[in-house]
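S.K.:
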Amino acid sequence: MPFSIPEEELMEPGHTACHGCGATLAMRYVLKGMGEKTVVSVPAACWAVIPGAMPNRTLKVPMVYTPFAATGAVISGLRGSLDIQGKSDYNVVGFAGDGGTADIGLQSLSGAMERGHNVFYIMYDNEAYMNTGVQRSGSTPFGAETTTTPVGKERNFKKQQKKIVADLMIAQGVPYVATATIAYPEDLIRKIGNAKKISGPKFIQILAPCPTGWYYPPEKSVEVSRQAVQSGIFPLFEYINGSIKVTKPSKPISVREYVSGQKRFAHLDDNDIEKIQNTVNKRMRYLLSMEKEGIFVLPAQ
Amino acid sequence: MRRGKIKMRVMQKHNAIMTGNEAVAVGVKLARVGFVSAYPITPQTTIVEKLAEMVANDDLDAKYIEVESEHSAMAAVFASELAGVRSYTATSSHGLLYMHEMLHWTAGQRLPVVMSVVNRALGPPWNIWSEQTDTMNQKDTGWMQVYCESNQEALDTILMGYRIAESQDVMLPLMSMEDAFILSHTSEPVIIPEQEKVDEFLPKLDLKFRIDLKNPMGYGSYTPPDGPFMELKKDLMESMKNSREVIQKVTGDFARTFDRDYSGLIEQYRMDDAKYALIASGTLASTGKYVVNQLRDEGEKVGLIRLRFFRPFPDEEILSAVSNLESVGVLDRSISLAANGFTATEVRSALYGKSDIPVTGFTAGLGGRDVRIDDFLDMFKTTKKGKGGNHYINVKEVK
Ligand SMILES: Cc1ncc(C[n+]2csc(CCOP(=O)(O)OP(=O)(O)O)c2C)c(N)n1
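Sequences listed follow chains A and B, in order.
Following the working numbering, the numbering of the first sequence begins with 1 at its first residue and continues without gaps.
Following the working numbering, the numbering of the second sequence begins with 1 at its first residue and continues without gaps.
Quick look at the structure:
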């Protein structure tokens, strides 16, 4: 069945993001999926700067800027307030970076999801604190060099595995959890459509490659995000109330191919790459077994 | 579960015996608050418990959410108010400190939220008792601050608070304080205003810039140094200044409607022919008044100035109240861990260059330590000497 993305643009041109910014495409596609009855809340992050200085705006929908840790609570407050005014048909969308989600915002995210508000939380994952200049976050993957995990005489690249917030959300009973990336806008927008059918908390983690922080040429953002999926580094899945559907890579590539295009991984040796490849294989096997067997967690409601 | 169904002993038609926290909850209900966020901390908790009970019994038609922290409590009311609904939360002590970032954000976004704070000491060491250091640490966040002396005032201040905060000339949030346990958990007779009169006094919130799909705005986008940043901050300060007039008007309206007169930013007690006086706030002012009466009986020309508002700071009112005095003392139940008492410093700054009167500062009652009649006698005596300086009251020798 042919499926194309909606033509309506709710994000206007003229933003101030870097060339090739994945986060910008993520917002554009998310809004296409949401439609115009939407209120967006954005914490401190690149996206607090992308729309430009007051009074400029880039979105055709209301956008609330908030402190860094506040996204989960702000969307809870918006939802409650709109509902009591009979505006239950508005989509309330938190749109936060990986630092604002996996680290400082995790508490308010977890609280909001646990309370079960009818909201969307979109984590645009560029795998580091980009707005402040590429520092390591909990969502930075093993092996990446950042400005706080620099490779000098010591190979101090990030030694810990990526904290996968989508998994945390499944574990705490969020009824809709999905991953997506900007290389597959149809998949992304379809997932938002499915999420909209669920009344309750929805969490979508969108890989949003960042040429500035991953050190690859800006025209390659879509290619890099496709490679992330094809290599199994960033598996696409959709979890709805206990069942998970995993998208198997259609043209699989190796981890080596994925990391070789990005200078943040330039220092990795064969052992490191093999280690990542093993983890990727194991995780893919794990996800596929979950797809077969289903996942049991206590449903949130 | 019917646990904690609070029995308010009804005296007459609209009178009841209730704690300060119950009185505050009744005020919130009468103000027809539409959104409440709640997080427990002693001694505030019984306010939000009472509100939960009201919502559960359909006595209050509000969305009530149990957030996971005070930062989120304030973030949630920030958002709900911005979407156009009158919103409320309450906290104390460490909870208030945890909110600090959101306090600035809410005031900066010009949202007329009202919050109750039950003043409690800050650790370490842990201490849950009465002290005002928590709210004094928030004096520069753009929130108006009212320190209540009675349960009645705690209820009434919620109603006046929303009227003042929502005034077009103000549009700033307001925090209303109760002393830990002394008000929050102590029962007193309270007159409950009639709902129809409250509705007349406090019209529905009409937030002009609320979130609106037909007029989509960015709320809080950045401004570069030459953007309107300084202008917005200055405008906020102007509104804080404007609030004085609004406070006078609203307390006047309140007195006419409900027959209780809170006389604006400060209350003057037996000040007419006084030669010296003490400035105090909250329930310490009650003990102070009692001692003033005692001293008056002995022929002393003494009075008391009760600070109701700390923000905006009533500098002109104080200047005029002390104009015929020979000396004044300032009592702080709080401690600045760097300078002299918060109130003493503000009073000295208000009088600087305008009055030569000696100002003596007192630090008393920290961590809930009782401030006794003898302590007040001591403070009045020291004030009368007019030697200035700063004194600790009733501190034991530490070996
Ligand atoms: C409480 C607080 N701490 C730190 C900051 C500084 N800060 C602003 S944006 C940012 C990085 C955001 O990173 P992320 O959430 O990953 O989003 P991105 O910038 O990558 O889009 C940081 C650390 C802040 N604004 N507030």
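Just so you know, even glycine gets a beta-carbon here, dropped at the ideal spot from N, CA and C.
Select from B:Tyr276, B:Gly341, B:Met217 and B:Asn340 the residue whose C-alpha is nearest the C-alpha of Val61 (chain A).
M.R.: Your numbering for residue 61 (chain A) matches position 61 in the first sequence. Checked all of B:Tyr276, B:Gly341, B:Met217 and B:Asn340; the closest Cα to Val61 (chain A) is B:Met217.
S.K.: How would you call Val246 (chain B), buried or exposed, if buried means at least 16 neighbouring beta carbons within 10 angstroms?
M.R.: As a working note, residue 246 (chain B) is residue 246 in the second sequence. That one is buried.
S.K.: Ile6 (chain B) CB to nearest chain A CB: under 7 Å?
M.R.: In the second sequence, residue 6 (chain B) corresponds to position 6, counting from 1. With a pLDDT of only 45 at Ile6 (chain B), under 50, the local geometry of the prediction cannot be trusted, and the value read off the model is given with reservation. No, Ile6 (chain B) lies away from the interface with chain A (no Cβ there is under 7 Å from its Cβ).
S.K.: In its own chain, which residues sit with a C-beta less than 7 Å from the C-beta of Val328 (chain B), not counting the 5 before and 5 after it?
M.R.: Stepping through the second sequence from its first residue, residue 328 (chain B) is reached at position 328. These residues qualify, in order along the chain: Tyr276, Ala277, Ile279, Val322, Ile357, Val359 and Thr383.
S.K.: Taking the Cβ atom as the reference point for each residue, do Trp400 (chain B) and Gly282 (chain B) lie within a distance shorter than 7 Å?
M.R.: Since the first residue of chain B shown is 1 and the last is 399, residue 400 (chain B) is not available in this structure.
S.K.: Starting from Glu316 (chain B), follow the alpha helix (DSSP H) in both directions and report where the run begins and ends.
M.R.: Counting from 1 along the second sequence, the entry for residue 316 (chain B) is found at position 316. First-last of the alpha helix (DSSP H) with Glu316 (chain B): Asp315 to Ala321.
S.K.: Pro251 (chain B): which of B:Met171, B:Lys139, B:Lys204 and B:Asp156 sits nearest, CA to CA?
M.R.: As a position in the second sequence, residue 251 (chain B) is number 251, starting the count at 1. The sequence shown places Thr at residue 251 (chain B), not Pro. The option with the nearest alpha carbon to Thr251 (chain B) is B:Asp156.
S.K.: Go ahead and pull the three-state DSSP assignment for Phe78 (chain B).
M.R.: On the second sequence, position 78 is the one that residue 78 (chain B) refers to. The answer is helix: DSSP assigns Phe78 (chain B) an H, G or I state.
S.K.: With respect to 6 Å, is the separation between the Cβ of Ala44 (chain A) and the closest non-hydrogen atom of ligand 1 below this value?
M.R.: For the purposes of this step, residue 44 (chain A) is taken as residue 44 along the first sequence, with counting starting at 1. Yes, since a heavy atom of ligand 1 falls inside the 6 Å radius drawn around the Cβ of Ala44 (chain A).
S.K.: Nearest to Asn131 (chain A) by alpha carbon, out of A:Lys153, A:Gln161, A:Ser110 and A:Pro211?
M.R.: Reading the first sequence from its first residue, position 131 is the one you call residue 131 (chain A). Nearest option by C-alpha distance: A:Pro211.
S.K.: Report the residue ranges of all beta strand (DSSP E) runs contained in full by the segment 144–227 of chain B; include only those spanning at least 3 residues, in chain order.
M.R.: Here the runs fully enclosed are 144–147, 174–179 and 187–191.
S.K.: Can you tell me whether Gly173 (chain A) is buried or exposed? The criterion is at least 16 other CB atoms within 10 Å of its CB, across all chains shown.
M.R.: Mapped onto the first sequence, residue 173 (chain A) falls at position 173. Flag for Gly173 (chain A) reads buried.
S.K.: Cβ of Gly100 (chain A) within 6 Å of any heavy atom in ligand 1?
M.R.: As a position in the first sequence, residue 100 (chain A) is number 100, starting the count at 1. Yes; taking the cut-off as 6 Å, the Cβ of Gly100 (chain A) has a heavy atom of ligand 1 nearer than that.
S.K.: Taking beta-carbon pairs under 9 Å, can you tell me which members of the segment 62–85 of chain B lie near chain A?
M.R.: Answer set for the segment 62–85 of chain B: Ala62, Lys63, Tyr64, Ile65, Glu66, Val67, Glu68, Ser69, His71, Ser72, Ala73, Met74, Ala75, Ala76, Val77, Phe78, Ala79, Ser80, Glu81, Leu82, Ala83, Gly84 and Val85.
S.K.: Measure the Cβ-Cβ separation of Val246 (chain A) and Leu287 (chain A) and say whether it is below 7 Å.
M.R.: As a working mapping, residue 246 (chain A) is identified with position 246 in the first sequence. As a working mapping, residue 287 (chain A) is identified with position 287 in the first sequence. Taking 7 Å as the Cβ cut-off, Val246 (chain A) and Leu287 (chain A) qualify as a contacting pair.
S.K.: What residues in the segment 15–38 of chain B bring their beta carbon closer than 8 Å to a beta carbon of chain A?
M.R.: The segment 15–38 of chain B vs chain A, Cβ under 8 Å: Gly34, Phe35 and Ser37.
S.K.: With 7 Å as the C-beta to C-beta threshold (strictly closer), list the residues of the segment 83–114 of chain B near chain A in chain order.
M.R.: Of all residues in the segment 83–114 of chain B, Ala83, Gly84, Val85, Glu101, Met102 and Trp105 have a Cβ within less than 7 Å of some Cβ in chain A.
S.K.: Do Gly95 (chain B) and Glu70 (chain B) have their C-beta atoms within less than 7 Å of each other?
M.R.: Taking the second sequence and counting its residues from 1, the one referred to as residue 95 (chain B) is at position 95. Taking the second sequence and counting its residues from 1, the one referred to as residue 70 (chain B) is at position 70. Contact flag set, yes.
S.K.: Can you tell me whether Tyr239 (chain A) is buried or exposed, with buried defined as 16 or more other CB within 10 angstroms of its CB?
M.R.: Within the first sequence, the letter at position 239 stands for residue 239 (chain A). Buried, since its Cβ has 16 or more Cβ neighbours within 10 Å.
S.K.: What I want to know is whether the C-beta of Tyr129 (chain A) ends up closer than 6 Å to one or more non-hydrogen atoms of ligand 1.
M.R.: On the first sequence, position 129 is the one that residue 129 (chain A) refers to. Yes.
S.K.: Output, in chain order, the set of chain A residues within a Cβ distance shorter than 8 Å of Thr223 (chain B).
M.R.: Working through the second sequence from its first residue, we reach residue 223 (chain B) at position 223. Within 8 Å Cβ-Cβ: Ala53 and Met54.
S.K.: Within 7 Å of any Cβ in chain A, is that where the Cβ of Ile158 (chain B) sits?
M.R.: Against the second sequence, residue 158 (chain B) aligns to sequence position 158. Chain A contact via Cβ: absent.
S.K.: Taking the straight line between their C-alpha atoms, what separation do you get for Glu231 (chain B) and Ser221 (chain B)?
M.R.: Within the second sequence, the letter at position 231 stands for residue 231 (chain B). Within the second sequence, the letter at position 221 stands for residue 221 (chain B). Those two C-alpha atoms are separated by around 15 Å.
S.K.: Whole beta strand (DSSP E) runs in the segment 24–110 of chain A with 3 or more residues, listed along the chain?
M.R.: You should have 38–42, 63–65 and 91–97.
S.K.: Going by C-alpha to C-alpha distance, which of A:Cys46, A:Arg226, A:Ser243 and A:Ala96 sits closest to Ser250 (chain A)?
M.R.: Translated into positions along the first sequence, residue 250 (chain A) becomes position 250. The shortest C-alpha separation from Ser250 (chain A) is found at A:Arg226.
S.K.: Quick one: does the C-beta of Gly97 (chain A) sit closer than 6 Å to a heavy atom of ligand 2?
M.R.: Although ligand 2 was asked about, the structure shown includes only ligand 1 as ligands.
S.K.: Return the chain-ordered list of same chain residues with a C-beta closer than 6 Å to the C-beta of Thr149 (chain A), the five sequence neighbours on each side being excluded.
M.R.: The residue you call residue 149 (chain A) lines up with position 149 of the first sequence. For Thr149 (chain A), where only same-chain residues beyond five positions count, the Cβ hits under 6 Å are Arg136, Asn156, Phe157 and Lys158.
S.K.: Is Thr132 (chain A) near ligand 1, with its Cβ less than 6 Å from a heavy atom?
M.R.: Numbered from 1 along the first sequence, position 132 holds the residue referred to as residue 132 (chain A). Within the cutoff, so yes.
S.K.: Report the partner residues of Leu202 (chain A) according to the DSSP bridge assignment.
M.R.: As a position in the first sequence, residue 202 (chain A) is number 202, starting the count at 1. This sequence places Lys at residue 202 (chain A); Leu is not what is there. In the DSSP output, where bridge partners are listed per residue, Lys202 (chain A) has A:Phe120 and A:Tyr176.
S.K.: Return no unless some Cβ of chain B is closer than 7 Å to the Cβ of Arg28 (chain A).
M.R.: Counted from its first residue, the first sequence places residue 28 (chain A) at position 28. Not an interface residue.
S.K.: At a CB-CB cut-off below 8 Å, which residues of chain A make contact with Pro410 (chain B)?
M.R.: A question about residue 410 (chain B) goes unanswered here, because the residues of chain B that appear run from 1 up to 399.
S.K.: Is the Cβ of Ile41 (chain B) closer than 7 Å to any Cβ of chain A?
M.R.: Translated into the one-based positions of the second sequence, residue 41 (chain B) becomes position 41. By this cut-off, Ile41 (chain B) is not an interface position.
S.K.: With C-beta atoms as the reference, is Val118 (chain B) less than 7 Å away from Pro43 (chain B)?
M.R.: Position 118 of the second sequence holds residue 118 (chain B). Position 43 of the second sequence holds residue 43 (chain B). Contact: yes.
S.K.: So is Gly35 (chain A) in contact with chain B if we call contact Cβ pairs under 7 Å?
M.R.: Position 35 of the first sequence, counted from the first residue, corresponds to residue 35 (chain A). No, Gly35 (chain A) does not count as interfacial toward chain B.
S.K.: I want to see whether chain A comes within less than 7 Å of Tyr162 (chain B), judged by CB atoms only; does it?
M.R.: Counting from one through the second sequence, the residue named residue 162 (chain B) turns up at place 162. No, Tyr162 (chain B) does not count as interfacial toward chain A.
S.K.: Taking a cut of 9 Å between CB atoms, which residues from the segment 102–130 of chain A lie near chain B?
M.R.: Cβ contacts with chain B: Gln107, Ser108, Ser110, Gly111, Ala112, Glu114, Arg115 and His117.
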